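Worksheet: one structure, shown below.
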Amino acid sequence: MITLYTFGPAFGLPDPSPFVTKVDVLLKLSGQPYATKIGDVRAAPKGKLPYIVDDGEVIADSTFIRWHLEKKYALDFDRSLTAEQRATAWAFEKMAEDNLYWALIDAWWLDDTNFKKGPLTYFQNVPALIRPVVTGMVRRDIRKRMKGQGMGRHSGQEIVALATRSLDAFATKLGDRPFFFGAEPSGVDATIFAFAAGALCPQFDTPIRAAAERHANLRAYVGRMVARFYPEHDAIAGCPKQV
Ligand SMILES: N[C@@H](CCC(=O)N[C@@H](CS)C(=O)NCC(=O)O)C(=O)O
């Protein structure tokens, strides 16, 4: 049995972490039975979620989890893709995870209004008296990590410009196809859906969301992924379920 460790649904998203949502979709795509449990980053093998425990074997990081599922269960999420499409899928996935992700972190965590509307709710259990000190420390740490990664060295406008390019690229590549590479979802759809839903999340008022909302095909795609993978939801990220 597989257990996926998550943050738990938040902000109208299956999970606030696009990496957790990616793995959730991959697990659904795999057809393997699995359960989800709320995880703790302090107990996570790499200090981050997601990780899975599969019959006692612990695998951390969404990409290594994908590779584990494909190997152990003899799956290929990209079986219908050509070698060139697989290369494109990898590039899109890493653009989302290693670039767009940090722009979303900037918008959600470092903008005061969005922080109050969203991540602040994670600190509900911290006594009110020391909450500002704790959230201040966490946000300073995030700012430091963003500097280390590089995104945190750009101006707000530059960050939005980078994120917009990624979302435009999602929409252009998707075109009028139902899924990223055609009629059926492949591995990359787990990632594109997770990040597009994060960018479109109505909880946060950001220019990144406005950039995503300009693409009707991206919104329809999120709705299609909802219908396929989250049929119990009427909508996710403001995108109604679409068949
Ligand atoms: N490369 C990892 C990234 C996972 C990741 O960044 N997780 C974030 C949430 S979106 C996390 O757990 N952050 C907690 C922390 O850094 O303290 C993957 O693909 O799974």
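Residue numbers for the sequence shown follow the numbering used here, so the first one is 2 and each next one is one higher. Positions of the beta carbon are idealized from the N, C-alpha and C atoms, including for glycine. Keep in mind it's a predicted model, so treat the numbers as computed, not measured.
- Taken in chain order, the whole alpha helix (DSSP H) runs of length 4 or more contained in the stretch 171-204 are 188-201.
- Under the three-state reduction of DSSP, Thr7 is assigned to strand.
- As computed with DSSP, Tyr52 is found in a beta bridge with Tyr6 and Ala61.
- Taken from the Cβ of Ala221, every heavy atom of ligand 1 lies 8 Å or farther away.
- A residue is called buried once 16 or more other Cβ atoms fall within 10 Å of its Cβ, and Met226 is buried on that count.
- Taking Phe171 as the centre and dropping the five residues before and after it, the same chain places the C-beta of Ile193, Ala197 and Leu219 closer than 7 Å to its C-beta, in chain order.
- Between Ile209 and Ala104, the beta carbon gap of about 6 Å places them in contact (Cβ cut-off 8 Å).
- In this structure, Thr136 has its beta carbon at no less than 8 Å from each heavy atom of ligand 1.
- Taking a 10 Å sphere around the C-beta of Asp25, we find 16 or more other C-beta atoms and assign the residue as buried.
- Remark: C-beta atoms of Leu70 and Ser31 approach each other more closely than 9 Å.
- The closest heavy atom of ligand 1 lies 8 Å or more from the beta carbon of Ser31.
- In the three-state reduction of the DSSP assignment, Thr83 falls in the coil class, being assigned neither a helical nor a strand state.
- For Ile39, the enclosing beta strand (DSSP E) has its first and last residue at Tyr35 to Ile39.
- Assignment of Ile106 by DSSP, reduced to helix, strand and coil, places it in the helix class.
- Here the C-alpha atom of Leu130 lies approximately 12 Å from the C-alpha atom of Phe124.
- Three or more beta-carbon pairs separated by less than 8 Å are not found between the stretch 156-164 and the stretch 179-191, which leaves the two stretches without contact.
- For Ala217, DSSP records no beta bridge to any residue.
- The beta carbon of Met2 sits closer than 6 Å to no other beta carbon from its chain once the five residues preceding and following it are set aside.
- For Gly199 against Pro19, the beta-carbon gap comes to about 5 Å, under 8 Å, which counts as contact.
- Here the C-alpha atom of Gly13 lies approximately 14 Å from the C-alpha atom of Gly224.
- In this structure, Tyr74 sits away from Ile53, with a CB-CB distance that is not shorter than 9 Å.
- Excluding sequence positions up to five before and after Ala212, its CB lies within less than 6 Å of the CB of Thr165 and Leu168, all in the same chain and listed in chain order.
- Within the same chain, and ignoring the five residues on either side of Leu201 in sequence, the residues whose Cβ sits closer than 7 Å to its Cβ are Arg210, Ala213, Glu214, Arg220, Val223, Ala238, Gly239 and Cys240.
- In the three-state scheme derived from DSSP, where H, G and I count as helix and E and B as strand, Ile237 is classed as strand.
- For Leu14, the secondary structure class from DSSP, reduced to helix, strand or coil, is strand.
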